[in-house]
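Number of protein chains: 2
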Amino acid sequence: MKRIPLTATVIIAEAADLADETGFDDVTLSAIALRLSVQTPSLYSHVRDRAALLDGITALALSELADRVAVAIAGRAGRLALRGFAEAHRVYSLESPGRWQSLQRRAGTAAVESSAARCFVALTDALLLGYDLPPGERVHATRLIGSTINGFLALERIGSFDHSEPPPEVSWRTTLDALDALLRAWPTDTEKIHR
Amino acid sequence: MKRIPLTATVIIAEAADLADETGFDDVTLSAIALRLSVQTPSLYSHVRDRAALLDGITALALSELADRVAVAIAGRAGRLALRGFAEAHRVYSLESPGRWQSLQRRAGTAAVESSAARCFVALTDALLLGYDLPPGERVHATRLIGSTINGFLALERIGSFDHSEPPPEVSWRTTLDALDALLRAWPTDTEKIHR
DNA sequence: GGACTTTACCTAATGTGTGTAGACTGGCGT
DNA sequence: ACGCCAGTCTACACACATTAGGTAAAGTCC
Numbered sequence: 000m001k002r003i004p005l006t007a008t009v010i011i012a013e014a015a016d017l018a019d020e021t022g023f024d025d026v027t028l029s030a031i032a033l034r035l036s037v038q039t040p041s042l043y044s045h046v047r048d049r050a051a052l053l054d055g056i057t058a059l060a061l062s063e064l065a066d067r068v069a070v071a072i073a074g075r076a077g078r079l080a081l082r083g084f085a086e087a088h089r090v091y092s093l094e095s096p097g098r099w100q101s102l103q104r105r106a107g108t109a110a111v112e113s114s115a116a117r118c119f120v121a122l123t124d125a126l127l128l129g130y131d132l133p134p135g136e137r138v139h140a141t142r143l144i145g146s147t148i149n150g151f152l153a154l155e156r157i158g159s160f161d162h163s164e165p166p167p168e169v170s171w172r173t174t175l176d177a178l179d180a181l182l183r184a185w186p187t188d189t190e191k192i193h194r
Numbered sequence: 000m001k002r003i004p005l006t007a008t009v010i011i012a013e014a015a016d017l018a019d020e021t022g023f024d025d026v027t028l029s030a031i032a033l034r035l036s037v038q039t040p041s042l043y044s045h046v047r048d049r050a051a052l053l054d055g056i057t058a059l060a061l062s063e064l065a066d067r068v069a070v071a072i073a074g075r076a077g078r079l080a081l082r083g084f085a086e087a088h089r090v091y092s093l094e095s096p097g098r099w100q101s102l103q104r105r106a107g108t109a110a111v112e113s114s115a116a117r118c119f120v121a122l123t124d125a126l127l128l129g130y131d132l133p134p135g136e137r138v139h140a141t142r143l144i145g146s147t148i149n150g151f152l153a154l155e156r157i158g159s160f161d162h163s164e165p166p167p168e169v170s171w172r173t174t175l176d177a178l179d180a181l182l183r184a185w186p187t188d189t190e191k192i193h194r
């Protein structure tokens, strides 16, 4: 019985797989140890504690998602880039629900300061190049896009759309079209005169 | 030492308060028992198990939020109704983070089938009356609004906006204006011809 | 008003999970 | 060959969820 030597990377990868299978909240050191045919305390040589392990999953997910987004928007602009960006998120959230869930929480500094996080900012910025927005509005557009995409996927995941027709896919497409239309005709400041 | 008799309602209310103070994930039966000056197992006479307790918090939060939304959009239409609706959500999420968090998860049937849930659907529907959308598009608009609002609040809560200027409030206002503009000029089907 | 039931709490005990301390081992450099 | 040391183990302490069964007081029936 040959044993692959334990490393933080192996443990975190196993944890991420477990998260995808049973849900992020159910990731437990004992379960991971069992899957790696190891006693639970052995894990503590490589991982500080459970919080650090979960942060590891977050960092992993962030970097995986950034990779996917990068290839999804490469060579595209405008609506196509937006669709690629959004679709990459959605596919990831459906394929790897546990990993995706690990992103929906306040992350530890390790994850926040990772290179993947910085990469992500750059990618979202690149996405907006295809739409010409006043520089001061870029942040708001970024935040809006993030809110809508993440919000949609979150609601889809928790089943908010299960009790009405039609299936989420249809609304998803509509939502992306709406976002594109919005970015194309970004409301100018004059409109804010209303109160 | 007179003791207020334990009931499911009291326990759930205490749990909700605890959730607001220490975070939804940290709601523990022992902590609640301590706060109520009672032994942990005593709670089981009134609450089936932890899952049921959390569902109770969700149902409570749903009904509280529905109440707030109701007064926030009463007598308003269009942009003002949208703002009221959104603002009610935001205030709730900031005032009662734990309760709000309890809504960001797949809920048990008890919460889903509660009258508050049905009330909520009616309220959102009422909100859209002020914008005249083709009937088939109403669902999509509902889902889009929900996605964006919930998504924004979720990102704000986990600190996604902490690393860039300006403060979230500004983007929040912009986001609501954008949503309003979008609903006012809902993209017609012809626009979907692109691919 | 006494016997009984019900209610609402208790104590005791089990199982699972996190995390620490210290013993054991097998490969490595010298 | 010898000791070092990284990495694993066993043993343990503690927290929480949950079950079982006991007890005492309040309410109900005759």
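Protein chains in written order, with numbering that gives the first Met the number 0: chain A, 0 to 194; chain B, 0 to 194. Using N, Cα and C, we set each Cβ at its ideal position, and we do this for glycine too. Predicted model, so just to flag it, every value in this text is computed and none were measured.
Three-way DSSP call (helix, strand, coil) for Thr-27 (chain B) in this model: coil
Any alpha helix (DSSP H) of 4 or more consecutive residues that is wholly inside the stretch 30–109 of chain B: 49–72, 77–94, 96–100
Thr-21 (chain A): first and last residue of the uninterrupted alpha helix (DSSP H) it sits in: 7–21
Rounded distance between the beta-carbons of Ala-50 (chain B) and Ala-110 (chain B), thought under 8 Å: Incorrect: roughly 11 Å between the Cβ atoms, too far for contact.
Rounded C-alpha distance that separates Arg-164 (chain B) from Leu-182 (chain B): The amino acid at residue 164 (chain B) is misidentified as Arg; the sequence shows Glu. Each residue's alpha carbon lies about 27 Å from the other.
8 Å Cβ cutoff, Ser-101 (chain B) in contact with chain A: no
Touching by the beta-carbon criterion (3+ pairs, under 8 Å), the stretch 80–100 of chain B and the stretch 144–161 of chain B: yes
Rounded separation between Gly-129 (chain B) and Thr-174 (chain A) - CA only: 20 Å
Leu-127 (chain A), DSSP secondary structure in three states: helix
Alpha-carbon spacing of Ala-76 (chain B) relative to Leu-126 (chain B), whole angstroms: 7 Å
Contact set between Val-68 (chain A) and chain B, taken where Cβ atoms lie within less than 7 Å: Under the 7 Å cutoff, chain B gives no residues; its nearest Cβ is about 15 Å from Val-68 (chain A).
Separation of Arg-172 (chain A) from Pro-134 (chain B), as counted between CA atoms: 17 Å
Where the stretch 119–147 of chain B meets chain A: residues whose CB sits under 7 Å from a CB there: Val-138, His-139, Arg-142, Leu-143, Gly-145, Ser-146, Thr-147
Residue range of the alpha helix (DSSP H) that includes Thr-150 (chain B): According to the sequence shown, residue 150 (chain B) is Gly rather than Thr. Unbroken alpha helix (DSSP H) run through Gly-150 (chain B): 137–157.
Beta-carbon proximity of Ala-7 (chain A) to Ile-56 (chain A), cut-off 8 Å: no
Through-space distance from Leu-102 (chain A) to Lys-1 (chain A), alpha-carbon basis: With a pLDDT of only 43 at Lys-1 (chain A), under the threshold of 50, the placement of this residue in the model should not be trusted; the figure read from the coordinates follows. Distance between the alpha carbons of Lys-1 (chain A) and Leu-102 (chain A): 34 Å.
For Ile-10 (chain A) and Leu-42 (chain A), the rounded distance between their alpha carbons: 8 Å
Top-ranked residue by Cα proximity to Ser-170 (chain A), from B:Thr-141, B:Asp-161, B:Leu-178: B:Thr-141
7 Å Cβ cut-off: residues of chain B touching Thr-27 (chain A): Result: empty, since nearest Cβ-Cβ is about 14 Å, beyond 7 Å.
Phe-160 (chain B), DSSP secondary structure in three states: coil
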